[in-house]
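Visitor: Under the numbering used here, think of the first position of the sequence shown as 57, with each following residue one higher.
Backbone N, C-alpha and C define an ideal beta-carbon position, used for all residues, glycine too.
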Amino acid sequence: MPTAEELFTDGTIGQFEKGVAEVTTLDVEGGKKFDIYVAVRRINPYVYSEVKKIDLNTDLPYTDLVTLERIGKTDFKYHVEFPEGVTSMKHVVIKKTDYEAIKSILAMFGTVTYETYLKVFGHPLSESTDIEHDKFAEYGFSEDIHIHSGTEFILMVGVPLEDGNIDPEQFQVIEFSTRPAGLCPYDIKVSIESTSTTATISLTPDPEITDYRVFVDKKSEFDYWRREGEAQVRSVVIGHWDDSTNPVPRAQTGNVVLNPTGLVPNTDYVVGIVGFDSERHECVKYIDFRTGEPIGPKPQIAIEAKPEEVTAPWKSAAYNVKIQNAVSAVYGYFLKSQIDEVLANGAEISAVIQNNGITASEEQLAEMLTSEGITFETSDLSANTQYIFGVYAINDEYVSTAEYVTFTTDMLPQIGGETRNNMPGRYTASTTDVNGNTVTFPVTITTGVDDATTAEYALANRLVALGFGPESQFPYTSLSDMIAAGNTAEEAADLYGPKWFIEFREDGIVVPKPDNLSWTMGNFGTDDNSYFWAVGIRPSDGRDIDNLYDFPIEVSADGNTVTVKGYYNANIPAYYYPTMCTAASSWWFNDIQFRCYSELVLTRDTSTSAYLHRGAVKAPKTVVINSFDRSVKESRQRAADLMKK
């Protein structure tokens with residue numbers, strides 16, 4: 057038995073002066089027997105009484121649904137007792153700050169009660185049970201609760217009814233706190249050097265520090281957790297006791313140099329540290345530091361219109377993008393009216409593009425960084441409507457730049473209606489050769505290749521088709537290529553190609569014949585230019601026959617197949633099919649360059665490299681770049697989502 061002096065020196069759990077005192081201690085456990093020693097003393101001089109021993113028996117019958125048996129620093133134990141006649145019960149433990157946060161998230165949807173929480177997340181039991189949790193506890197769905205010292209928890213136990221709800225008459229809740237760890241008398245020395253996006257954190261613990269946890273995050277994040285109290289901040293720093301499951305590792309021993317990267321320039325950060333000695337007393341430190349000014353060049357963005365890539369200016373657009381000094385980019389087409397509405401509410405165009413556009417893939421970003429850039433096109437626009445094409449780019453120091461252009465699509469073409477509206481695009485053409493083998497080549501149908509040709513062809517109710525015959529034999533030569541080769545603008549407009557026309561008439565769609573050689577398909581290194589001819593086979597003798605005819609065109613119901621039909625001459629009778637020939641007179645051709653022996657069928661290539669953003673354009677309340685460990689917030693949100701169901 058200890059002496060009275062020993063009790064007052066190092067065995068005291070409670071002291072009082074005069075009267076009656078109530079002493080609360082966590083140093084007991086259910087189902088056991090303990091001795092309580094009590095002594096008194098008189099001051100000046102100290103005179104000690106004899107020690108009185110009192111027996112304490114905690115091995116008592118269970119009278120409640122749940123009874124706390126033991127509370128430690130990072131562990132606890134409780135007993136669930138089944139009432140007579142009950143065959144099923146539920147129990148769950150949750151950290152009090154998590155419960156309050158989930159209630160706050162769901163406040164707009166209704167009231168969260170202990171009973172509803174237990175209904176959703178409670179673990180079923182089939183008999184009276186002792187339940188122990190050491191370091192962590194099952195949370196009730198996919199997460200664990202990690203148990204730290206000096207932290208408040210809520211324990212819920214109840215009997216479910218047939219409909220799954222908890223019986224309010226057979227329900228119990230206990231709020232309790234784990235034991236405080238006590239102050240560690242040892243220290244961890246810290247020095248910090250930072251750049252704009254990195255930090256070097258040197259940590260030197262006293263030899264008595266057996267291990268410690270370190271966590272770095274923005275000061276704004278630490279301030280968020282500070283609203284919930286010191287224990288919550290400390291638990292975020294410690295994280296999971298099994299460090300291998302932490303999204304960001306925290307556990308350290310001995311002298312360590314940490315190098316967190318991905319920091320944001322000109323931003324306040326906090327290094328949170330919790331150290332432990334051999335008795336698991338805690339040394340808690342929070343050290344502020346600030347990252348420096350960005351030192352690298354800002355991203356640069358160049359946007360250039362590509363009218364030659366636009367197949368239908370009333371519904372299509374194409375812009376080439378080149379960037380420098382960037383590690384990621386976002387791009388997109390937007391209705392200008394939507395953007396204007398959001399900007400009027402105080403949003404920045406850069407944030408709108410960043411949060412509503414398309415994130416460039418690694419391949420697209422690599423092309424943007426080249427001298428040629430990459431062209432983003434869309435065929436999903438409305439006629440006579442204002443749009444914005446915008447690009448947002450960010451460098452490795454999280455410095456961002458945004459550029460955009462505003463444009464208006466053309467009016468819808470008049471003759472041809474929706475068929476004419478939808479026909480422009482990229483196709484694969486197929487036909488057969490003299491041996492019946494299939495021949496394919498690319499064809500692009502567009503409104504024109506520059507402003508002048510677009511206007512000219514529109515007046516004639518025509519679209520132009522670019523490509524005829526194998527591409528390796530008849531490569532496309534653009535208008536600009538012709539001018540660069542020394543041709544005048546007029547000559548270039550006549551000779552670029554291979555090209556042919558699709559004309560919309562009141563009585564149908566045709567490939568118009570080149571009356572009096574009025575238009576050419578181009579020139580491919582021959583003395584005479586090339587023309588769109590009609591060549592067939594006379595049935596009576598098997599010999600070739602030719603003429604200049606308009607070829608009828610059929611378009612499929614979905615608009616994705618365009619067929620140039622053969623021209624049928626009933627007087628011979630024979631079918632004529634499209635042929636590219638050189639000629640110096642409309643009476644006869646010189647040489648056949650490419651000949652179709654059957655109908656020419658164009659099948660649309662439906663792939664596009666960009667789309668119009670059709671959803672609501674949202675202005676973000678807060679833009680957070682490169683977040684760190686947000687698992688606690690995410691688990692709370694997941695729990696709230698489950699309770700909505």
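For residue 666, which residues in the same chain have their Cβ closer than 8 Å to its Cβ, ignoring the five residues on either side in sequence?
Guide: Position 610 of the sequence shown, counting from 1, holds the residue named residue 666. With a pLDDT of only 48 at residue 666, under the threshold of 50, the placement of this residue in the model should not be trusted; the figure read from the coordinates follows. The residues are 387, 388, 389, 414, 432, 433, 434.
Visitor: In chain order, what residues of the same chain have a beta carbon less than 7 Å from the beta carbon of residue 467, not counting five sequence neighbours either side?
Guide: Mapped onto the sequence shown, residue 467 falls at position 411. So the list reads 370, 439, 440, once near-sequence residues are dropped.
Visitor: Inspect the CB distances between the region 220-239 and the region 297-316 and report whether three or more fall short of 8 Å.
Guide: no
Visitor: Can you give the Cα-Cα distance for residue 330 and residue 239, rounded to whole angstroms?
Guide: Position 274 of the sequence shown holds residue 330. Position 183 of the sequence shown holds residue 239. Going by the C-alpha atoms only, they are around 11 Å apart.
Visitor: In whole angstroms, give me the CA-to-CA distance for residue 516 and residue 553.
Guide: Numbered from 1 along the sequence shown, position 460 holds the residue referred to as residue 516. Numbered from 1 along the sequence shown, position 497 holds the residue referred to as residue 553. Their backbone Cα atoms lie some 19 Å apart in a straight line.
Visitor: Mapping the DSSP letters down to three states, classify residue 535 as helix, strand or coil.
Guide: Within the sequence shown, residue 535 is the residue found at index 479, counting from 1. It is helical.
Visitor: Between the Cα of residue 129 and those of 483, 110, 204, spot the shortest distance and give me the residue it belongs to.
Guide: Within the sequence shown, residue 129 is the residue found at index 73, counting from 1. Of the listed residues, the one whose Cα sits closest to residue 129 is 204.
Visitor: Comparing C-alpha positions only, which one of 557, 134, 275 sits nearest to residue 190?
Guide: As a first step, residue 190 must be located in the sequence shown, where it is residue number 134. It is 134.
Visitor: Distance, Cα to Cα, residue 365 vs residue 498?
Guide: In the sequence shown, the residue the question calls residue 365 occupies position 309. In the sequence shown, the residue the question calls residue 498 occupies position 442. Going by the C-alpha atoms only, they are around 15 Å apart.
Visitor: Can you have a look at residue 481 and say buried or exposed, based on whether 16 or more other CB atoms are within 10 angstroms of its CB?
Guide: Looking up residue 481 in the sequence shown gives position 425. Residue 481 comes out buried.
Visitor: Can you give me the start and stop residues for the beta strand (DSSP E) that residue 346 sits inside?
Guide: Taking the sequence shown and counting its residues from 1, the one referred to as residue 346 is at position 290. Looking at the DSSP string, the run of the beta strand (DSSP E) that includes residue 346 is 338-346.
Visitor: According to the neighbour-count rule (16 or more other Cβ atoms, all chains shown, within 10 Å of its Cβ), is residue 344 buried or exposed?
Guide: Translated into positions along the sequence shown, residue 344 becomes position 288. Answer is exposed; the Cβ neighbour count stays below 16.
Visitor: Near residue 427, which residues of its chain fall below 8 Å by C-beta distance, leaving aside the five closest residues on each side in sequence?
Guide: Here residue 427 refers to the residue found at position 371 when the sequence shown is read from its first residue. Taken in chain order, the residues that qualify are 378.
Visitor: Quick one: give me the first and last residue of the alpha helix (DSSP H) that residue 478 is part of.
Guide: As a position in the sequence shown, residue 478 is number 422, starting the count at 1. Residue 478 -> alpha helix (DSSP H) spans 473-478.
Visitor: Straight-line CA distance for residue 664 to residue 374?
Guide: Taking the first residue of the sequence shown as 1, we reach residue 664 at position 608. Taking the first residue of the sequence shown as 1, we reach residue 374 at position 318. For residue 664, the predicted structure reports a pLDDT of 40, less than 50, and the residue's modelled location is therefore unreliable. A value from the coordinates is still provided. Each residue's alpha carbon lies about 11 Å from the other.
Visitor: Let me know if residue 167 comes out buried or exposed under the rule of 16 or more other beta-carbons within 10 Å of its beta-carbon.
Guide: On the sequence shown, residue 167 is found 111 positions in, with the first residue counted as 1. Counting Cβ neighbours within 10 Å, residue 167 comes out exposed, since fewer than 16 surround it.
Visitor: Fully enclosed by the region 221-294, which beta strand (DSSP E) runs are 3 residues long or longer?
Guide: 222-233, 244-250, 255-261, 267-274
Visitor: Just list the residues that DSSP pairs residue 746 with in beta bridges.
Guide: Here the chain has residues from 57 to 701 only, and residue 746 is not among them.
Visitor: Use the C-beta contact count for residue 255: other C-beta atoms within 10 angstroms, 16 or more gives buried, fewer gives exposed.
Guide: For the purposes of this step, residue 255 is identified with residue 199 of the sequence shown, where counting begins at 1. Residue 255 is buried by the Cβ-count criterion.
Visitor: Give me the Cα-Cα distance between residue 153 and residue 284, rounded to the nearest whole angstrom.
Guide: Position 97 of the sequence shown holds residue 153. Position 228 of the sequence shown holds residue 284. Taking the straight line joining both Cα atoms gives about 7 Å.
Visitor: Can you list, in chain order, the residues of its chain whose CB lies under 6 Å from that of residue 645, leaving out five sequence neighbours each side?
Guide: Looking up residue 645 in the sequence shown gives position 589. Taken in chain order, the residues that qualify are 589, 637, 639.
Visitor: Taking just the CA atoms, how far does residue 570 sit from residue 376?
Guide: Taking the first residue of the sequence shown as 1, we reach residue 376 at position 320. Taking the first residue of the sequence shown as 1, we reach residue 570 at position 514. Taking the straight line joining both Cα atoms gives about 35 Å.
Visitor: For my contact list, residue 244 and residue 265 are in at a C-beta cut-off of 8 Å; report their separation, rounded to the angstrom.
Guide: Taking the first residue of the sequence shown as position 1, residue 244 is located at position 188. Taking the first residue of the sequence shown as position 1, residue 265 is located at position 209. Confirmed, Cβ separation roughly 6 Å.
Visitor: Determine the burial state of residue 211: buried for a count of at least 16 other Cβ atoms within 10 Å of its Cβ, exposed for fewer.
Guide: To locate residue 211, count along the sequence shown from 1; it is residue 155. Label assigned to residue 211: buried.
Visitor: Quick check: what's the CA-CA separation for residue 259 versus residue 202?
Guide: Counting from one through the sequence shown, the residue named residue 259 turns up at place 203. Counting from one through the sequence shown, the residue named residue 202 turns up at place 146. C-alpha separation (whole angstroms): 25 Å.
Visitor: Does the distance from the CB of residue 214 to the CB of residue 146 come in under 8 Å?
Guide: Along the sequence shown, read from residue 1 onward, the residue named residue 214 stands at position 158. Along the sequence shown, read from residue 1 onward, the residue named residue 146 stands at position 90. Yes, these two residues count as a Cβ contact at 8 Å.
Visitor: To the nearest angstrom, how far is it from the Cα of residue 684 to the Cα of residue 291?
Guide: Your numbering for residue 684 matches position 628 in the sequence shown. Your numbering for residue 291 matches position 235 in the sequence shown. Any reading at residue 684 must be qualified, since the residue scores a pLDDT of 48, below 50, and its modelled position is unreliable; no value is offered.
Visitor: Determine the extent of the beta strand (DSSP E) in which residue 603 is found, giving its start and end residues.
Guide: Locating residue 603 in the sequence shown gives position 547, counting from the first residue. In the DSSP assignment, residue 603 falls within the unbroken beta strand (DSSP E) covering 600-603.
Visitor: Are there three or more Cβ pairs, one per stretch, closer than 8 Å when the region 587-606 is compared with the region 446-457?
Guide: no
Visitor: Given this structure, state the Cα-to-Cα distance separating residue 268 from residue 132, to the nearest angstrom.
Guide: Reading the sequence shown from its first residue, position 212 is the one you call residue 268. Reading the sequence shown from its first residue, position 76 is the one you call residue 132. Cα to Cα, the separation comes out at about 23 Å.
Visitor: For residue 159, report the span of its alpha helix (DSSP H) as first-last.
Guide: The count along the sequence shown starts at 1 and reaches residue 159 at position 103. Here the alpha helix (DSSP H) through residue 159 covers 152-161.
Visitor: Identify which residue in 319, 337, 544 has its Cα closest to the Cα of residue 347.
Guide: On the sequence shown, position 291 is the one that residue 347 refers to. Ranking the options by Cα distance to residue 347, first place goes to 319.
Visitor: Run the CB neighbour count on residue 677, radius 10 Å, all protein chains shown included, and call it buried at 16 or more, exposed below.
Guide: Translated into the one-based positions of the sequence shown, residue 677 becomes position 621. In this predicted model, residue 677 has a pLDDT of only 36, less than 50, meaning its place in the structure is not dependable enough to derive any value.
Visitor: Does residue 281 pass the burial test, meaning 16 or more other C-beta atoms within 10 Å, or should it be called exposed?
Guide: Position 225 of the sequence shown, counted from the first residue, corresponds to residue 281. By the neighbour-count rule (16 or more Cβ atoms within 10 Å), residue 281 is buried.
Visitor: In whole angstroms, what is the alpha-carbon distance linking residue 176 and residue 162?
Guide: What you label residue 176 is simply residue 120 of the sequence shown in a count that begins at 1. What you label residue 162 is simply residue 106 of the sequence shown in a count that begins at 1. Using only the alpha carbons, I get a separation of about 14 Å.
Visitor: Is the CB-CB distance between residue 555 and residue 522 below 8 Å?
Guide: For the purposes of this step, residue 555 is identified with residue 499 of the sequence shown, where counting begins at 1. For the purposes of this step, residue 522 is identified with residue 466 of the sequence shown, where counting begins at 1. Yes; because the gap between Cβ atoms is below 8 Å, this pair is in contact.
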